[in-house]
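Here the protein sequences come in this chain order: Y and A. Each residue of the first sequence is one higher than the one before, counting from 1 in our numbering. Each residue of the second sequence is one higher than the one before, counting from 1001 in our numbering.
Protein chains: 2
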Amino acid sequence: MEEKNEVLVRYLGDLFSRLRIPPPLRKAMEYMVFSSGKRMRPVLVFATYESLKGDEGTDRLLPFASAIEMIHTYSLIHDDLPAIDNDDMRRGRPTCHKVFGEAIAILAGDALLTEAFRVITDKKLVKGLKPGVLNRIVFEIAKASGAEGMVGGQTFDIVLQGQRPSRRRLRLVHSLKTASLIRASVRTGAILAGARGFTMERLSKYATYVGLAFQMKDDLLDLVGREEIVGKRLRKDHGKQSLQYCFSLEEARRRLEGLVAEAERAIAPLELKTDLLFHIARFVAEREK
Amino acid sequence: MEEKNEVLVRYLGDLFSRLRIPPPLRKAMEYMVFSSGKRMRPVLVFATYESLKGDEGTDRLLPFASAIEMIHTYSLIHDDLPAIDNDDMRRGRPTCHKVFGEAIAILAGDALLTEAFRVITDKKLVKGLKPGVLNRIVFEIAKASGAEGMVGGQTFDIVLQGQRPSRRRLRLVHSLKTASLIRASVRTGAILAGARGFTMERLSKYATYVGLAFQMKDDLLDLVGREEIVGKRLRKDHGKQSLQYCFSLEEARRRLEGLVAEAERAIAPLELKTDLLFHIARFVAEREK
């Protein structure tokens, strides 16, 4: 997947270089997209497709993997803003608004979100794919990132601040804020591989568990991780629907293991061409950043 | 068009009411969408379609007109933010962040932008339209609102502050910030009416001039309008690429007339079923708010 990642970064660089846009906007967009993120979501697009169809012709996944990474990046830029999470560090570097100012950070987020939808409907970039497939993917990604998905989750995260934390509320936030776009990544890979019915249903289930596990691990790292490895300020979730008020560390780790096991169980009945998706589920739980 | 507007408002209300989302997010989205805007862009979607195809079956334009209005609204919410234009009043009411706080205003903008793309690819809402047509419209709208369109224009507006104003720079900002989404509105109506070639080219030209005229008039109102009619704080464009540094009032008014005349000339050779588009071009220049 390392190699895929490099191809993706080159592709994104090429996309941005072709945009005729004001230099500060370009720099702010590139700054965060090219920082050392895990690129979990594009990796899931590739891994899902390859699990079903093998390693051939994966270049045509690039616009979709890029679009999802752009949307993930926009969400980080906006979440870091002073009015929202007010974070100064991300991936070991100052956050976007610290470098470019708040106005440009807001606009860079807006641009990344909008360009994501342009990229996946640009005829020059998505040659040979059926328009019906493209529509399904636009819908899938928009629904996952919008009011009933990621943005809704971020809103709950804010409005539930100060309210008594509960496991139900924590799961709601995790599910919308994080799992929904991870689910859309897997489903996008699956749609492009022509998956339907049982396969699609199992992969969606897998993705939901992986997404929940991912955020559970994020919260755990916030509690016990090392700032110099994780690359951002930690232990700042006070007042939010946070893990620590709902589970002991021991319980949380057990719960995380449980989610990974559920993810694995979801795809166990499928005949997959690689065990990438199993590796990813493991990685999500074991990562140190 | 009054009647169309009421249908649109009901349709948008229905769209929002079906979203299962956190109440503050819903309220912030509705607050600005349902304020008394001119709804120029949806009106242009309808008027363009009707000019080519007549008044039948215009209900199927609703998702597209709604999406464009949602995108326009998100841009107002984000532009009004303290970090950008720092405006307190809009359409005679406190701006979104004044009522709901900055965090919710940022997220409501993000949600409106994202939901716009969901709405126009939601099978339940866009029945009977070819996927290829939907793709073209997603692309058209995304390109017009993104880094090479509206967001790019807003960025130029910020980064050119303090630089010597020039007519070329002013036109660049007007063209990207305002004309591009107005152009996408006309082209969306035209695409849905099956327009091509010469007709599409002429309508696009019309829309560009109407868009430039619209922003020219906005700048004029900023200089000579009455706050209680326009509904927002005026005479605040100092330091921006503003009309007043490039033209005398007399010149600006003549220039505005010239743009309207160009718009009319662009569509004069077309055989249109109504003169709505001519009326709209006139309205843009003559409006008092």
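Even glycine gets a Cβ: it sits at the ideal position worked out from N, Cα and C. This one's a predicted model, so the numbers in the text were calculated from it and none came from an experiment.
Chain A contact residues for residue i, given Cβ-Cβ distances below 8 angstroms
i: Gln154/Y; result: Leu1107
i: Leu290/Y; result: Residue 290/Y cannot be examined here, being either before or after the span of chain Y that is shown, 1 to 289.
Collapsed DSSP secondary structure at residue i in the structure displayed
i: Met1089/A; result: strand
i: Pro1165/A; result: coil
i: Thr1274/A; result: coil
i: Ile293/Y; result: In this structure chain Y extends from 1 to 289, so residue 293/Y is not present and cannot be described.
i: Glu1056/A; result: coil
i: Lys1217/A; result: helix
i: Gly82/Y; result: The sequence as given places Pro at residue 82/Y; Gly does not occur at that position. Pro82/Y: coil per DSSP, three-state reduction.
i: Glu1341/A; result: Only positions 1001 to 1289 of chain A appear in the structure, and residue 1341/A is not among them; the question remains open.
i: Pro269/Y; result: coil
i: Ile1077/A; result: helix
i: Arg20/Y; result: coil
i: Lys232/Y; result: coil
i: Lys1027/A; result: helix
i: Ser348/Y; result: Nothing in the structure corresponds to residue 348/Y, since chain Y is present only between 1 and 289.
i: Lys1123/A; result: coil
i: Gln1241/A; result: coil
i: Met1001/A; result: coil
i: Gly1225/A; result: coil
i: Gly258/Y; result: helix
i: Phe247/Y; result: coil
i: Gly1013/A; result: helix
i: Leu1044/A; result: helix
i: Arg39/Y; result: coil
i: Phe1283/A; result: helix
i: Leu62/Y; result: helix
i: Phe1129/A; result: The identity of residue 1129/A in the sequence shown is Leu, whereas the question assumes Phe. Three-state DSSP puts Leu1129/A in coil, outside helix and strand.
Chain A contact residues for residue i, given Cβ-Cβ distances below 7 angstroms
i: Arg20/Y; result: Glu1148
Contacts of residue i in chain Y (Cβ-Cβ under 7 angstroms)
i: Lys1143/A; result: Arg118
i: Phe1139/A; result: Arg118, Thr121 and Asp122
i: Gly1132/A; result: Pro131
i: Asn1135/A; result: Thr121, Pro131, Leu134 and Asn135
Closer than 9 angstroms at the beta carbon, the chain A residues around residue i
i: Pro24/Y; result: Thr1155, Ile1158 and Val1159
i: Pro165/Y; result: Chain A residues near Pro165/Y: none, gap ~16 angstroms exceeds 9 angstroms.
Closer than 8 angstroms at the beta carbon, the chain Y residues around residue i
i: Val1151/A; result: Leu25, Leu107, Asp110, Ala111 and Thr114
Item to complete: Name, going along the chain, the residues of the stretch 1067 to 1088 of chain A whose beta-carbon falls closer than 7 angstroms to a beta-carbon of chain Y.
Response: The residues in question are His1078, Leu1081, Ala1083 and Ile1084.
Practice prompt. Below 9 angstroms between beta carbons is the criterion; list the residues of the stretch 1093 to 1117 of chain A that meet it against any residue of chain Y, in chain order.
Written response: For the stretch 1093 to 1117 of chain A, the residues whose beta carbon sits under 9 angstroms from a beta carbon of chain Y are, in order, His1097, Gly1101, Glu1102, Ala1103, Ile1104, Ala1105, Ile1106, Leu1107, Ala1108, Gly1109, Asp1110, Ala1111, Leu1112, Leu1113, Thr1114, Glu1115, Ala1116 and Phe1117.
Practice prompt. Return the chain-ordered ranges of every alpha helix (DSSP H) run that is complete within the stretch 89 to 121 of chain Y and spans a minimum of 4 residues.
Written response: Taking only runs of at least 4 residues, the alpha helix (DSSP H) segments lying wholly in the stretch 89 to 121 of chain Y are 96 to 100 and 102 to 119.
Practice prompt. Evaluate the contact criterion for the stretch 175 to 193 of chain Y versus the stretch 1028 to 1047 of chain A: three or more CB pairs, one atom per stretch, below 8 angstroms.
Written response: Too few Cβ pairs lie closer than 8 angstroms, so no.
Worksheet item: Using 8 angstroms as the Cβ pair cut-off and three pairs as the minimum, do the stretch 1094 to 1106 of chain A and the stretch 1047 to 1059 of chain A touch?
Response: No, the stretch 1094 to 1106 of chain A does not touch the stretch 1047 to 1059 of chain A.
Worksheet item: Does the pairing of the stretch 1184 to 1193 of chain A with the stretch 1058 to 1071 of chain A give three or more beta-carbon distances under 8 angstroms?
Response: The count of Cβ pairs closer than 8 angstroms, one atom from the stretch 1184 to 1193 of chain A and one from the stretch 1058 to 1071 of chain A, reaches three, so the stretches are in contact.
Worksheet entry | Ordered list of alpha helix (DSSP H) runs contained in the stretch 1132 to 1218 of chain A, each at least 4 residues | Taking only runs of at least 4 residues, the alpha helix (DSSP H) segments lying wholly in the stretch 1132 to 1218 of chain A are 1150 to 1159, 1167 to 1174 and 1180 to 1192.
Worksheet item: With contact counted as at least three CB pairs below 8 angstroms, one residue from each stretch, are the stretch 191 to 199 of chain Y and the stretch 226 to 235 of chain Y in contact?
Response: Contact between the stretch 191 to 199 of chain Y and the stretch 226 to 235 of chain Y is absent: fewer than 3 CB-CB pairs across the two stretches fall below 8 angstroms.
Item to complete: For the stretch 1253 to 1260 of chain A and the stretch 1272 to 1289 of chain A, state whether three or more C-beta atom pairs, one from each stretch, are separated by less than 8 angstroms.
Response: Contact between the stretch 1253 to 1260 of chain A and the stretch 1272 to 1289 of chain A is established, with three or more Cβ pairs separated by less than 8 angstroms.
Discussion item. Using 8 angstroms as the cut-off, can you tell me whether the stretch 1155 to 1162 of chain A makes contact with the stretch 1240 to 1247 of chain A, which would need three or more C-beta pairs spanning the two stretches below that distance?
Written reply: The stretch 1155 to 1162 of chain A, when compared against the stretch 1240 to 1247 of chain A, does touch it at the 8 angstroms Cβ threshold.
Worksheet item: Between the stretch 108 to 125 of chain Y and the stretch 1144 to 1160 of chain A, do at least 3 Cβ pairs fall closer than 8 angstroms?
Response: With three or more CB-CB distances shorter than 8 angstroms, the stretch 108 to 125 of chain Y counts as touching the stretch 1144 to 1160 of chain A.
Discussion item. Between the stretch 1116 to 1129 of chain A and the stretch 134 to 142 of chain Y, can you find at least three pairs of beta-carbon atoms closer than 8 angstroms?
Written reply: Short answer: they touch.
Discussion item. With three or more beta-carbon pairs closer than 8 angstroms as the criterion, would you say the stretch 1262 to 1281 of chain A touches the stretch 1194 to 1210 of chain A?
Written reply: Yes, they touch.
Worksheet item: Touch check for the stretch 82 to 98 of chain Y and the stretch 1084 to 1096 of chain A: three-plus C-beta pairs under 8 angstroms?
Response: Contact fails: fewer than three Cβ-Cβ distances are below 8 angstroms.
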